[in-house]
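Taken in order, the sequence shown gives residues 1 to 348; the numbers are from full-length UniProt numbering. Ideal Cβ placement from N, Cα and C applies to all residues, glycine included.
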Amino acid sequence: MTQQPIANGDFLTLSLQHPDGLAPMHFNLPDNTTVSVWDSGVICFEPQQPGSKDIVLSCGVHGNETAPIEICAELVQELLTGQLVLKQRLLVLFGNPAAINAGTREINENLNRLFSGHHSMGAGLINAERKRAKALEGYVSRFYSEIRVTDAVPRNRYLYDLHTAIRGSRFEKFAVYPFLHGKPWQKAEFEFLQACDVTTVLLMQTPASTFSYYASNSHGADAFTIELGKVQPFGQNDMQRFTKVRTALRQLVTADNVQTQPFDERQFQLYQVYRAINKQTQEFKLHFADDVENFTSYPLGTLLATDGDTEYRVEREGEAIIFPNAKVAIGQRAMLMVVPTSVASNIS
Ligand SMILES: [Zn+2]
């Protein structure tokens with residue numbers, strides 16, 4: 001049997017030393033779990049007798065979002081060094097190694113706006129992020145389709161894309177549930193999110209170019225973008241704040257089931273998009289402080305933004321701001337306005 005060839009099980013460091021590509025590698029762990037390195041930042045684990053879940057964990061789609069990168073690197077290391085024994089098939093993706101090295105959100109373009117084929121639209125595959133988005137789609141497709149086990153057990157697909165937000169948030173952790181085209185929201189997924197200490201969920205009503213929407217819509221995966229807190233430099237994350245998510249992710253990959261509480265909507269803050277405000281002119285201006293937290297709401301009628309002669313005011317009770325950014329390109333979304341909602345009528 002070949003020795004595990006990744007020094008100290010530190011796959012992140014190996015990937016960051018080879019951000020533009022890593023030669024494929026294939027080896028077994030002492031418990032006969034198969035490990036395959038497909039590329040820089042792409043590592044696939046298959047236990048000999050896997051459970052019914054095919055799980056993708058991704059991080060570093062935005063290169064400066066360090067906490068999820070540290071969480072995934074630690075998990076991979078524990079698997080490679082035998083401290084954790086895997087139960088489920090697992091693909092771990094470090095989304096953008098070049099941007100992680102640069103300590104920036106992106107090199108040329110926001111990687112999380114390039115999925116579901118958006119990488120090849122317009123100017124086409126003109127930069128590293130566009131090529132990476134296309135490659136990541138290929139790795140996810142390969143992972144979900146290339147399954148050694150032939151039992152007739154129905155398989156369930158998951159993709160959790162872990163992020164941290166640029167700004168603070170009234171609710172520190174929150175998840176974005178991609179548009180399901182009218183299919184019911186999944187109770188079991190809310191229960192898993194709660195086990196991860198995530199009880200604020202934004203329910204989307206339109207398709208998106210994000211990684212989680214791609215996995216959900218193209219592969220029928222239960223998929224989420226999960227925001228775990230505010231961006232901090234490497235080594236400056238208070239890992240205590242991530243204890244629950246680290247524990248839940250370990251259980252997810254090493255056990256048949258994660259320990260959860262029965263779903264109770266009253267324990268969640270659920271929002272849906274009320275409107276997206278797009279920047280129309282160079283005069284676009286936000287009328288609140290730069291450091292305002294995500295999910296902040298203001299009284300009815302409060303002026304939120306102006307764009308040339310257009311004024312945007314609070315129109316609905318409880319309407320809250322997320323992801324405001326006046327610096328986007330003209331035509332792009334400058335902020336999202338959300339309102340409280342319920343899933344009671346469409347959940348299974
Ligand atoms: Zn992000």
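Of the other Cβ atoms in all chains shown, 16 or more fall within 10 Å of the Cβ of H163; this residue is therefore buried.
The straight-line gap separating the alpha-carbon atoms of Y158 and A223 is approximately 6 Å. Counting C-beta pairs with one atom in each stretch, the region 34 to 52 and the region 189 to 202 have fewer than three that are closer than 8 Å, which means they do not touch. Using a Cβ-Cβ distance cut-off of 8 Å, the region 231 to 247 and the region 135 to 149 are not in contact, since fewer than three pairs of beta carbons, one from each stretch, lie closer than that value. With a cut-off of 7 Å, the C-beta of E65 is classified as near ligand 1, since at least one heavy atom of the ligand falls inside that distance. Contact between the region 62 to 79 and the region 18 to 25 is absent: fewer than three C-beta pairs spanning the two stretches fall below 8 Å.
DSSP lists V37 as the beta-bridge partner residues of M25. The region 134 to 207 is shown to contain whole beta strand (DSSP E) runs of 3 or more residues at 156 to 165, 174 to 177, 200 to 203, in chain order. Closest in alpha carbon position to E46, among F288, D291, V253, is V253.
Pairwise C-beta distances place the region 213 to 229 out of contact with the region 296 to 311, as fewer than three of them are shorter than 8 Å.
When DSSP states are grouped into helix, strand and coil, E109 belongs to the coil group. When secondary structure is reduced to three states using DSSP, Q77 falls in the helix class. In the DSSP assignment, Y271 falls within the unbroken beta strand (DSSP E) covering 269 to 278.
In the DSSP assignment, A305 is bridged to L286, Y312. E265 and Y177 have their C-alpha atoms roughly 15 Å apart.
For N112, the shortest separation between its Cβ and any heavy atom of ligand 1 lies below 7 Å. Cβ contact annotation for F190 (same chain, cutoff 6 Å, sequence separation greater than five): F263, in chain order. Residue range 97 to 102 is occupied by the alpha helix (DSSP H) that includes I100.
Counting along the chain, the unbroken alpha helix (DSSP H) around A248 starts and ends at 243 to 254. In the structure shown, L84 falls within a coil segment according to DSSP collapsed to helix, strand and coil.
Secondary structure note for L12: it is in no beta strand (DSSP E), and the uninterrupted alpha helix (DSSP H) holding it is 11 to 17. Cα atoms of P50 and Q251: separation of roughly 14 Å, rounded to the nearest angstrom. By the neighbour-count criterion, in which 16 or more other beta carbons inside 10 Å mark a residue as buried, V76 falls on the buried side. Residue nearest to E311 within the set L286, I330, V273, N325 is L286 (criterion: CA-CA distance). Each of V328, W185, E317, P324 was checked against the Cα of A344, and the nearest Cα belongs to W185.
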